[in-house]
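S.K.: Here's a structure for you.
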Amino acid sequence: MNKTFRSGTIEVMVLRDVALQVRTGELVLLMGPSGSGKTTLLCVLSGLLRPSAGDVDLCGVPISRLPERAAAEVRRHNVGFVFQTYNLFPALSALDNVAEVLALKGMPREQARAVAGVSLAGVGLGARLDHRPGELSGGERQRVAIARALAGDPTLIFGDEPTASLDRHTGLEIVALLKEQVNPRRGVLLVTHDARLLQFADRVIEIDDGRIVRDESMHHPPAASAVPTQ
Amino acid sequence: MRRIAIRSILFDRGKLIASLLGVALASTLGFVQIGLYEGFVRSSSTVIDHVGGDMWVMPRGLNVIDYSQIVSAGPRNLLRSHPCVADVRGLLYGFSWIQRPSGIRSTAIVVAVEPRSGRQIPWGDILGDVADLNEPLRVSVDRTDLEKLELPSYPLGKTFEINSLKVTVSAVTDGIRSFTLNPYIFTSMTNGRRLLGLSENEVMYYVIDLADPRCAANLVQWMKRYPDIEIIDSATWSRETQDYWVGGSGAGAALAFTAILGLFVGGVIVGQTLYSMAKEHLLELATLKAVGARPMELAGFVLWQVAFLASAGVLSGFVLALILRRVLSHVGLSVVVSAGTASLSIVATLIMCLLASVTSLSAVFRVEAAKVLR
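In the order they appear, the protein sequences are chains A and B.
Positions 1 to 230 (the working numbering) are the ones given, in order, by the first sequence.
Positions 1001 to 1374 (the working numbering) are the ones given, in order, by the second sequence.
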């Protein structure tokens, strides 16, 4: 799969001949220097961008060939995101930030609030449900973002530098929390520069100048059954 | 999305106050300007509308009540002989010179109409007794004209001159104001003829009550034997007078222009607020798009905010307009707040808010989900 960006007459190939599978049951670190194409690869794998050549299957659905509306439906039911800057609505409480995403996915409001409460308790924020993002620490905000990503029980969680805005200790806590979410029905793919996170990785993919230069399993966990993303 | 939109706008108090002020002031301006316009329209034809009757008879060629001329007594008997005519009333309506207590001369409009049971002219009396107008040289004046006539706030028994005849105020009305700003002086037919220098039986108009409104066309045909007079139904006559003053004077256009300008300024303020609110939340909205929110769901963020601002702004604007209406009534300006004017103002404000949201909606529709990862 390739991805090219065009600016006027200039074309820049950001991803070249990339081929990979991300499986449930594993936490994958996508590493590489700045400008190597990590974030673009994350966008393409999650269906936010279309590849210029090749295909992307998400949970068995050829998402890169779907119109935007259908691709959004696939993401709605299968994908969660965690970002460096959290991207929480400042006016909403932690509970509502999570519940609103569930409501968008079609869950009745009362049920959404109940599920959001459980989800937040699961990331250690059971006592901070009514706090707004401005009243929470960076680590707590990222926990809210993780609870939001987990809302709706996605198959894959994509994270873009989720520890970059956090101190070392909190960053490790957050990745440990993400690692806890990995199970045979769910996988996690994180873009990071942070080599300290390697201790949590089941697999490391290194990319340089748009090409995968390393794809290595860190240990040999029990093989998962599904092959959701290609 | 409603909860996110409303909470976001309530959360940012500064933007909320700025935009609410924008909508409220634009809405107030809309209410007041449209109310003033309606007030002018009504004041220009107020005598026609209150005297009533089904048809008016006048010298041919008139297009406004104020430029009245004497109509002969002849048609009265012919009108009365028509089987469809239930009643014929003579009406006096003429400009006259008045001399205020200070000696300054100006003009006023003397009005008198033959009485009909169930319809008191003048209407809206607040002081004195309208029945006293039948006494020699007794007149009524309007509260809003007291200053202009140099009369005290309790003017009963006070005198001034009309066409060199000393008249005494025996009744005061409230809200009978002429579009031309000449004070209306109501009196009896006898007094009116004296003040306007008319002889017995001379009138300016005949007001006809029909026994059967379906006979109107037949009556018009019947009166063609008097080629110098014209017979018009009351609604048409009222509209012609309104068109002459409000349309012809440019007052309507001036008021409409001010209202549109107010809505434009309000729209700019609201548009700015909504746009900056949408821009501020683009990352969060992009996040929702990334997790599968549809464009129309994201548009709800702007549309709910517009609905909230429009509702709260219109409500505040309405309250402000009611306060202004009271204030303006003290300076003699009539701001009509009716179901019609209120609906028009509300619709205009809603359209303004919707137009103001176009740039924000465009920004939300164009938001790229991939933006959150760049």
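All C-beta atoms, glycine included, are put in the ideal place defined by N, C-alpha and C.
Keep in mind that this is a model prediction, so the values were computed, not measured.
For A:V123 and A:L190, I'd like the C-alpha separation in whole angstroms.
M.R.: Taking the straight line joining both Cα atoms gives about 18 Å.
S.K.: Got a sec: is the Cβ-Cβ distance from B:E1147 to anything in chain A below 8 Å?
M.R.: Judged by the 8 Å Cβ criterion, B:E1147 is not in contact with chain A.
S.K.: When the Cβ atoms of the stretch 1105 to 1118 of chain B are set against those of the stretch 1188 to 1196 of chain B, are three or more pairs found closer than 8 Å?
M.R.: Yes, the stretch 1105 to 1118 of chain B touches the stretch 1188 to 1196 of chain B.
S.K.: Give the interface partners of A:L136 over in chain B, defined as CB-CB distance under 7 Å, in chain order.
M.R.: What A:L136 touches in chain B: nothing, since even the nearest Cβ is about 15 Å away.
S.K.: So which of A:T9, A:R23, A:S7 and A:D57 has the shortest CA-CA distance to A:M1?
M.R.: Among A:T9, A:R23, A:S7 and A:D57, the Cα nearest to that of A:M1 belongs to A:D57.
S.K.: Please classify A:P222 as buried or exposed, where buried requires at least 16 other C-beta atoms within 10 Å of its C-beta.
M.R.: In this prediction, A:P222 has a pLDDT of 49, which is less than 50 and means its spatial position is unreliable; what the coordinates show is noted afterwards. A:P222 is exposed by the Cβ-count criterion.
S.K.: Just verifying my parser: in three-state terms, what is the DSSP assignment at A:F89?
M.R.: Looking at A:F89 - three-state DSSP - the assignment turns out to be coil, as it is neither helix nor strand.
S.K.: How would you list, in chain order, the residues of chain B whose beta-carbon sits under 8 Å from the beta-carbon of A:G80?
M.R.: Here the neighbours are V1291.
S.K.: Determine, using beta-carbon pairs with one atom in the stretch 39 to 57 of chain A and one in the stretch 1016 to 1028 of chain B, whether at least three such pairs fall under 8 Å.
M.R.: Cβ pair count under 8 Å is below three, so no.
S.K.: Would you say A:E11 lies against chain B (beta-carbon separation less than 8 Å)?
M.R.: Output row for A:E11: interface = no.
S.K.: Checking 8 Å against the spacing of the C-beta atoms, do A:L42 and A:V22 come in under that value?
M.R.: No, Cβ-Cβ distance for A:L42 and A:V22 is not below 8 Å.
S.K.: If you draw a straight line from the alpha carbon of A:R6 to that of A:P33, how long is it in whole angstroms?
M.R.: For A:R6 and A:P33, the distance between alpha carbons rounds to 22 Å.
S.K.: Please report the straight-line C-alpha distance between B:W1245 and B:A1251, rounded to a whole angstrom.
M.R.: Cα to Cα, the separation comes out at about 8 Å.
S.K.: Are any of the Cβ atoms in chain A nearer than 8 Å to that of B:L1283?
M.R.: So yes, B:L1283 belongs to the interface.
S.K.: Is A:V182 helix, strand or coil by DSSP?
M.R.: Of the three classes helix, strand and coil, the one that applies to A:V182 here is coil, per DSSP.
S.K.: Applying a beta-carbon distance threshold of less than 9 Å, which residues of chain A neighbour B:F1308?
M.R.: Under the 9 Å cutoff, chain A gives no residues; its nearest Cβ is about 13 Å from B:F1308.
S.K.: Is the distance from the Cβ of B:W1056 to the Cβ of B:S1178 below 8 Å?
M.R.: The answer is no: Cβ separation not under 8 Å.
S.K.: On the three-pair Cβ rule with 8 Å, is the stretch 102 to 115 of chain A touching the stretch 154 to 173 of chain A?
M.R.: No, the stretch 102 to 115 of chain A is not in contact with the stretch 154 to 173 of chain A.
S.K.: Along the stretch 1319 to 1339 of chain B, where does the CB come closer than 8 Å to a CB of chain A? Name the residues.
M.R.: Against chain A - using a Cβ distance shorter than 8 Å - the stretch 1319 to 1339 of chain B contributes no residues.
S.K.: At 3 residues or longer, and completely inside the stretch 105 to 172 of chain A: list those beta strand (DSSP E) runs for me, N to C.
M.R.: Runs found: 156 to 160.
S.K.: Does DSSP classify B:M1223 as helix, strand or coil?
M.R.: It is helical.
S.K.: Put B:M1189 into one of helix, strand or coil per three-state DSSP.
M.R.: B:M1189 falls in the helix class under three-state DSSP.
S.K.: Given this structure, state the Cα-to-Cα distance separating A:I212 from A:H193, to the nearest angstrom.
M.R.: Cα to Cα, A:I212 sits roughly 15 Å from A:H193.
S.K.: Please find out if some non-hydrogen atom of the ligand SAM comes closer than 7 Å to the beta-carbon of B:I1346.
M.R.: Looking at this structure, you won't find the ligand SAM or any other ligand, since it has none at all.
S.K.: Taking its Cβ as the centre, do 16 or more other Cβ atoms sit within 10 Å of A:N97, making it buried, or is it exposed?
M.R.: Counting Cβ neighbours within 10 Å, A:N97 comes out buried, since at least 16 surround it.
S.K.: Can you tell me which of the three DSSP states A:A201 falls into?
M.R.: If DSSP states are grouped into helix, strand and coil, A:A201 belongs with coil.
S.K.: Taking 8 Å as the threshold (C-beta atoms), are B:E1368 and B:A1286 in contact?
M.R.: Contact: yes.
S.K.: Any contact of the stretch 1343 to 1353 of chain B with the stretch 1253 to 1272 of chain B, i.e. 3+ C-beta pairs under 8 Å?
M.R.: Short answer: they touch.
S.K.: Per DSSP, which residues does B:Y1154 bridge with? Please list them.
M.R.: Paired residue(s): none; B:Y1154 is not in a bridge.
S.K.: Are the beta-carbon atoms belonging to B:V1108 and B:G1313 less than 8 Å from one another?
M.R.: It is worth fixing the name first, because residue 1108 of chain B is Ala in this sequence and not Val. The answer is no: Cβ separation not under 8 Å.
S.K.: Is there at least one Cβ from chain B nearer than 8 Å to A:A70's Cβ?
M.R.: It does not: the Cβ of A:A70 has no partner Cβ on chain B nearer than 8 Å.
S.K.: Which residue comes first and which comes last in the alpha helix (DSSP H) that contains B:K1279?
M.R.: Note, B:K1279: alpha helix (DSSP H), A1251 to E1280.
S.K.: Output yes or no for whether 8 Å exceeds the beta carbon distance between A:H131 and A:A72.
M.R.: It is not a contact, given that the beta carbons lie outside the stated cut-off.
S.K.: Between A:E73 and chain B, is the shortest Cβ-Cβ distance under 8 Å, so that the two count as touching?
M.R.: So yes, A:E73 belongs to the interface.
S.K.: Within the stretch 8 to 85 of chain A, note down every full alpha helix (DSSP H) run reaching 4 residues or more, in order along the chain.
M.R.: Entirely contained in the stretch 8 to 85 of chain A, the alpha helix (DSSP H) runs reaching 4 residues are, in chain order, 38 to 45 and 68 to 78.
S.K.: Leaving out five residues before and five after A:Q230 in sequence, what residues of the same chain have Cβ atoms less than 6 Å from its Cβ?
M.R.: In this prediction, A:Q230 scores a pLDDT of 43, lower than 50, which makes its location untrustworthy; the coordinate-derived value is nonetheless stated afterwards. Only Q21 and D57 meet the Cβ criterion.
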